[in-house]
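Q: I am attaching a structure below and will ask some questions about it afterwards.
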Amino acid sequence: MLDTLSAVIFDLDGTLIDSKDVMRSAYFAAYDEVVGDGAPPPFSEYCRYLGQSFPNIMRQMGLPLEMHAAFKRESIRNMHRVRVFDGIVAMLEALSLRRVPMAIATGKDHARAVALLEHLRIDCHFAMVLGSDDVPNQKPAPDMALRIADALALTPADTLFVGDAAADLECGARAGMKTALALWDHPPAHVLAMPVDVRFAAPADLLSLLRMPLSCVPS
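With full-length UniProt numbering, letter number 172 in the sequence shown gets 172, and the count goes up by one each step, no holes.
Right under this line is the structure:
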């Protein structure tokens with residue numbers, strides 16, 4: 001149990017929303033359109049860098065940045081296929097009822113992140129949304145977490161950063177925040193091996209951490 005917790009910063013993909021199928025199809029389409037070498041798109045390698053911005057991932061993989069436009073186009077076209085993970089809405093409603101400030105720090109660009117939150121009708125829970133194009137240094141640098149803390153007057157040591165990727169955990173830790181690993185999208189072994197303050201098997205575990213049962217959510 002963490003002693004104090006005044007705010008929560010969430011990653012988006014793989015933490016709040018199930019977008020892996022859309023991400024995979026968009027990546028395959030972008031790879032085939034821009035690279036088009038007939039080889040299987042290296043999606044497993046791409047997944048190792050999740051949490052970072054798409055351009056940064058392309059640089060690390062040695063792939064053309066031109067893939068970004070095609071990836072965004074296909075992601076937007078298939079946005080209707082994205083779903084909120086089970087238990088997330090109840091968790092967000094309970095945190096909002098408790099007046100716990102919440103924010104998003106995502107590797108997505110700002111416009112797509114906001115569009116998804118609005119489409120899924122969970123945008124009302126967040127005091128701030130930061131996309132990878134809102135800061136000069138994206139995750140795993142601490143800039144996104146620190147900018148949110150500054151804007152919302154949060155104490156980093158009393159703020160929990162919840163994510164499912166290595167970039168999320170490193171961002172939160174470097175910002176001096178508590179870190180939580182979300183396990184419901186089955187993070188890979190290299191993420192499971194990272195040091196964290198707490199691990200959540202289900203969204204309701206966060207409410208237990210705050211000593212706030214799900215029964216407090218209005219029916």
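For glycine and all other residues, C-beta sits at the position ideal for the given N, C-alpha and C.
Who are the Cβ neighbours of residue 30 in its own chain at under 6 Å, not counting the five residues just before and after it?
A: Looking up residue 30 in the sequence shown gives position 30. Answer for residue 30: 67, 70, 71, listed in chain order.
Q: Are the beta-carbon atoms belonging to residue 203 and residue 177 less than 8 Å from one another?
A: By one-based count along the sequence shown, residue 203 stands at place 203. By one-based count along the sequence shown, residue 177 stands at place 177. Their beta carbons are not under 8 Å apart, which means residue 203 does not touch residue 177 by this criterion.
Q: What do you reckon, are the CB atoms on residue 129 and residue 147 nearer than 8 Å?
A: Within the sequence shown, the letter at position 129 stands for residue 129. Within the sequence shown, the letter at position 147 stands for residue 147. Their beta carbons are not under 8 Å apart, which means residue 129 does not touch residue 147 by this criterion.
Q: At a cut of 8 Å, does the segment 189-201 reach the segment 76-85 through at least three beta carbon pairs?
A: The answer is no - the segment 76-85 does not touch the segment 189-201, with fewer than three Cβ pairs under 8 Å.
Q: Please classify residue 126: does DSSP put it in a helix, a strand, or coil?
A: The sequence position of residue 126 within the sequence shown is 126, counting from 1. Residue state, collapsed to three classes: coil.
Q: Residue 232 to residue 120, Cα distance in whole Å?
A: The question about residue 232 has no answer here: the residues shown for the chain are numbered 1 through 219.
Q: Cα separation between residue 35 and residue 25?
A: Against the sequence shown, residue 35 aligns to sequence position 35. Against the sequence shown, residue 25 aligns to sequence position 25. Distance between the alpha carbons of residue 35 and residue 25: 15 Å.
Q: Give me the Cα-Cα distance between residue 10 and residue 103, rounded to the nearest whole angstrom.
A: Locating residue 10 in the sequence shown gives position 10, where the first residue counts as 1. Locating residue 103 in the sequence shown gives position 103, where the first residue counts as 1. Approximately 6 Å, taken between the alpha carbons.
Q: Nearest to residue 76 by alpha carbon, out of 200, 165, 23?
A: Working through the sequence shown from its first residue, we reach residue 76 at position 76. Checking every option, the nearest Cα to that of residue 76 belongs to 23.
Q: Under a three-way DSSP split, which group does residue 141 fall into?
A: In the sequence shown, residue 141 corresponds to position 141, counting from 1. In the structure shown, residue 141 sits in coil (DSSP, three-state: anything other than H, G, I, E or B).
Q: Quick one: measure Cβ to Cβ for residue 154 and residue 7, integer angstroms, because I've assumed they're closer than 8 Å.
A: The count along the sequence shown starts at 1 and reaches residue 154 at position 154. The count along the sequence shown starts at 1 and reaches residue 7 at position 7. Indeed they touch by this definition, with Cβ atoms about 5 Å apart.
Q: Would you identify the three-state DSSP class for residue 59, choosing helix, strand or coil?
A: Within the sequence shown, the letter at position 59 stands for residue 59. In the structure shown, residue 59 sits in a helix (DSSP, three-state: H, G or I).
Q: Spatial neighbours of residue 50 within its chain, please: CB distance less than 6 Å, with the 5 preceding and 5 following residues excluded, ordered by chain position.
A: By one-based count along the sequence shown, residue 50 stands at place 50. Closer than 6 Å at the Cβ level, and outside the excluded window around residue 50, lie 165.
Q: May I have the straight-line CA-CA distance separating residue 74 from residue 197, to the nearest angstrom?
A: Locating residue 74 in the sequence shown gives position 74, counting from the first residue. Locating residue 197 in the sequence shown gives position 197, counting from the first residue. So the alpha carbons of these two residues sit roughly 36 Å apart.
Q: Take residue 93 as the anchor and find which of 111, 122, 112 has the nearest alpha-carbon.
A: Walking along the sequence shown from the start, residue 93 turns up at place 93. Of the candidates 111, 122, 112, the one whose C-alpha sits nearest the C-alpha of residue 93 is 122.
Q: Determine the direct distance from the alpha carbon of residue 43 to that of residue 13, and round the result to whole angstroms.
A: As a working mapping, residue 13 is identified with position 13 in the sequence shown. As a working mapping, residue 43 is identified with position 43 in the sequence shown. Each residue's Cα considered, the two are about 16 Å apart.
Q: Specify the secondary structure class of residue 111 as computed by DSSP and reduced to three states.
A: What you label residue 111 is simply residue 111 of the sequence shown in a count that begins at 1. Of the three classes helix, strand and coil, the one that applies to residue 111 here is helix, per DSSP.
Q: Tell me which same chain residues have a C-beta within less than 8 Å of the C-beta of residue 59, skipping the five on either side of it?
A: Mapped onto the sequence shown, residue 59 falls at position 59. For residue 59, where only same-chain residues beyond five positions count, the Cβ hits under 8 Å are 65.
Q: Just to confirm, are residue 116 and residue 126 a CB contact at a threshold of 8 Å?
A: Counting from 1 along the sequence shown, the entry for residue 116 is found at position 116. Counting from 1 along the sequence shown, the entry for residue 126 is found at position 126. Result no, Cβ atoms of residue 116 and residue 126 do not sit closer than 8 Å.
Q: Does the distance from the C-beta atom of residue 158 to that of residue 133 stay below 8 Å?
A: Position 158 of the sequence shown holds residue 158. Position 133 of the sequence shown holds residue 133. Not closer than 8 Å, so no.
Q: Assuming the contact rule is C-beta atoms closer than 8 Å, residue 142 and residue 167 should be a hit. Round their C-beta distance to whole Å, please.
A: Counting from 1 along the sequence shown, the entry for residue 142 is found at position 142. Counting from 1 along the sequence shown, the entry for residue 167 is found at position 167. Wrong, their Cβ atoms sit about 11 Å apart, outside the cutoff.
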